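**Student:**
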Amino acid sequence: MSLGFDVRDEDRVANEVGELLSAMIRNACVNDGSETSGHESRNVATLTDFFASCGLPVEVYEPAPGRGSLVARLEGRNPEAPSLLLIGHTDVVPADDANWLHDPFGGELIDGVIWGRGAVDMLNLTASMAAAMRQASLDGWTPEGDITFVASADEECGSRFGAEFLTTQTPHDLRADHVLTEAGGFPLDLGSGPLRPVIVGEKGVHWFKLVVHGVPGHGSQPLRTDNAVVKAAECIRRLAAFTPRVNMTEPWRRFVEDANLAAPLGDALTDPVALDALVETLDDVALARQIHACTHLTIAPTRVDGGTKTNVIPDRVEIELDVRSLPGQNSEDVRGVVIDALGDLASSVTISTTLDDVASVSPIDTALWDLCQQATDLFAPGARNVAYLTVGATDARFFRRSGSVAYGFGMFSDAISFEQFGAMFHGDNERVDTRSLWLSTQLWDFLIRSH
Ligand SMILES: [Zn+2]
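71 is the number of the first residue of the sequence shown in the working numbering; add one for each residue after it.
(1) If you measure between the beta carbons of proline 314 and glycine 271, is that distance less than 7 Å?
(2) Below 8 Å CB to CB, which residues in the same chain sit around serine 72 once its five sequence neighbours on both sides are set aside?
(3) Across which residues does DSSP place asparagine 455 in a beta bridge pair?
(4) Note down the Cα distance separating isoleucine 518 from alanine 134, rounded to an integer number of angstroms.
(5) Using the three-state DSSP reduction, which class does asparagine 85 fall into: helix, strand or coil?
(6) Mind pulling the beta strand (DSSP E) runs of 3 or more residues that sit fully within the segment 309-385?
(7) Could you tell me if glycine 406 is buried or exposed, where buried requires 16 or more neighbouring beta carbons within 10 angstroms of its beta carbon?
(8) Which residues in the same chain have their Cβ closer than 8 Å to the Cβ of arginine 373, if we skip the five residues on either side of it in sequence?
(9) Does ligand 1 have a heavy atom nearer than 6 Å to the CB of methionine 494?
(10) Contact between the segment 490-503 and the segment 418-428: three or more CB pairs below 8 Å?
(11) Assign isoleucine 486 to one of three DSSP states: helix, strand, or coil.
(12) Comparing C-alpha positions only, which one of Asp465, His496, Thr511 sits nearest to glutamate 225?
(13) Looking at ligand 1, does it come within less than 6 Å of aspartate 191, judged from the CB to the closest heavy atom?
(14) Going by Cα to Cα distance, which pick from Asp354, Thr237, Ala151 is closest to arginine 471?
(15) With DSSP as the reference, please indicate the residues paired to aspartate 426 in a beta bridge.
(16) Identify which residue in Met481, Val475, Phe469, Ser432 has its Cα closest to the Cα of arginine 454.
(17) Is there at least one non-hydrogen atom of ligand 1 closer than 6 Å to the beta-carbon of glutamate 252?
(18) Verify whether the separation of the beta carbon atoms of threonine 196 and alanine 223 is less than 7 Å.
(19) Considering only residues of the same chain and omitting the five flanking positions on each side of threonine 106, which have a CB-CB separation below 7 Å?
(20) Span of the beta strand (DSSP E) holding alanine 157?
(21) Do aspartate 250 and tyrosine 477 have their C-beta atoms within less than 7 Å of each other?
(22) At the level of alpha carbons, what is the spacing between aspartate 259 and valine 456?
(23) Is the Cβ-Cβ distance between serine 153 and alanine 246 less than 7 Å?
(24) If you follow the alpha helix (DSSP H) that glutamate 402 is in, where does it begin and where does it stop?
(25) Check whether the Cβ atoms of alanine 84 and tryptophan 508 sit closer than 7 Å, and answer yes or no.
(26) Taking the continuous beta strand (DSSP E) assigned at threonine 251, which residues delimit it?
(27) Does DSSP put serine 417 in a helix, a strand or coil?
(28) For valine 128 and valine 114, what's the separation of their Cα atoms in angstroms?
(29) Tell me the rounded alpha-carbon separation between methionine 203 and alanine 122.
(30) Our contact map puts alanine 363 next to arginine 394 with C-beta atoms below 8 Å; I'd like the distance itself, whole angstroms only.
(31) Please list, in chain order, all residues of the same chain as tryptophan 514 whose beta carbon is under 7 Å from its beta carbon, the five residues on each side excluded.
(32) Suppose you measure from the CA of methionine 318 to the CA of valine 326; what does that come to, to the nearest Å?
(33) Work out the CA separation of leucine 91 and glycine 146 for me, nearest whole Å.
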């Protein structure tokens, strides 16, 4: 098959993208959740320099000091043609130097592998997207529909200064028919042949603060007191033990169907009773957690704070919950599940919501889906794309809300397994091989030229 463009030399591309990736890792745009962290404008400056020689117009938005994002667009020749937007975030999560084999902010290239925070999440893709855009511009490529590249800030803490700001508060119209971002395209094999997950949706994120009320008293006389710590312990036990019913969403059904898994795994994944039994006994705990999270609303009690003094019966304990919902569940449904889990204790608890983002999902039978499979046929021959729901959050949700078909994709070599890929997201020793950089650049090259 003719690609319609020259396949670029692997070494040259890997060098170019690798250098850009290393520079972005060294910029250490660490987002610790505070407003003054991130410093993504450093990566914006690096990208601005990277685009300087190619003539591609670049716009920078900085809603708060240091929290910059960049937009670059190849204007299409036909305003009616479908538009494509590639978005990569430029911030990373913190890294503890002591647990790494190499400097997490060194961006070192060692034996064909680049080490550093952001090497897979997701500076690798941001850098390869930028390289493909730059090459298209240097080649004088004019696409049918607009092709836009966005390097976004603040993805690791809700995207308030990044994708949310860009899609709601700038004059730049960032609506696009098709959007691609992280985190798919890694090799996966569950015994039915090579698969490549395409992220078609993401779970909802709902954070709650629960205040458990009691009656204060003296610690020397605990009999028949209303102790908020004791009550909170029971609340936490009930929340942790509460198991919502299996919910087979459309992306899950499609995943199981398309992955064509052999029995007994394949059968168990579509039978609610068998699925719940499977995740309790599966030896591979990481896989069991994934299967469980993809098919259930989950509740994780994550913080507790209460009591004032060793000899005082406490009247107040705060509990924080991280609840993740599935497509089709709204904010009221989620709150109802928390109240149900608390049972009769709900009347002693004040429940407030601190974050409320419902799930988002894109349709699967689309022109973008077909293009992604064509890309897999070219760059990972023999592999089949499968729809997948991510349990994490990405910038795609802001674009799904405005009507885009948005997927998470990329193109990784076989050097990174599904397990490694999962463990490196926010984990120690994050790294990527340069062949994966070349493959992802080829993917974006192909999509920019074929869209
Ligand atoms: Zn990410």
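Just so you know, even glycine gets a beta-carbon here, dropped at the ideal spot from N, CA and C.
Predicted, not measured: the structure shown is a model, and the values here were computed from it.
**Tutor:** So, to answer that:
(1) No, they are not a contact pair.
(2) Bear in mind that the predicted position of serine 72 carries a pLDDT of just 48, short of 50, making it too unreliable to give a figure here.
(3) In the DSSP assignment, asparagine 455 is bridged to Arg266.
(4) 31 Å
(5) helix
(6) Taking 3 residues as the minimum length, the beta strand (DSSP E) runs contained wholly in the segment 309-385 are 368-376, in order along the chain.
(7) exposed
(8) Glu388, Ile389, Glu390
(9) no
(10) no
(11) Assignment of isoleucine 486 by DSSP, reduced to helix, strand and coil, places it in the coil class.
(12) Considering only Asp465, His496, Thr511, the residue with the shortest C-alpha distance to glutamate 225 is Asp465.
(13) yes
(14) Thr237
(15) Answer by DSSP bridge pairing, in chain order: His276.
(16) Met481
(17) yes
(18) no
(19) none
(20) According to the sequence provided, residue 157 is isoleucine. The question's alanine does not apply to it. Here the beta strand (DSSP E) through isoleucine 157 covers 154-159.
(21) A small correction: the amino acid at residue 250 is leucine; aspartate does not occupy that position in the sequence shown. In terms of Cβ geometry, leucine 250 and tyrosine 477 form a close pair [threshold 7 Å].
(22) 11 Å
(23) yes
(24) Following the DSSP letters along the chain, one finds glutamate 402 inside the alpha helix (DSSP H) bounded by residues 401-412.
(25) yes
(26) 248-251
(27) helix
(28) 10 Å
(29) 12 Å
(30) Their Cβ separation, rounded to whole angstroms, is 7 Å, which keeps alanine 363 and arginine 394 in contact under 8 Å.
(31) Cβ within range, chain order: Leu156, Ser198, Met199, Ala202.
(32) 10 Å
(33) 28 Å
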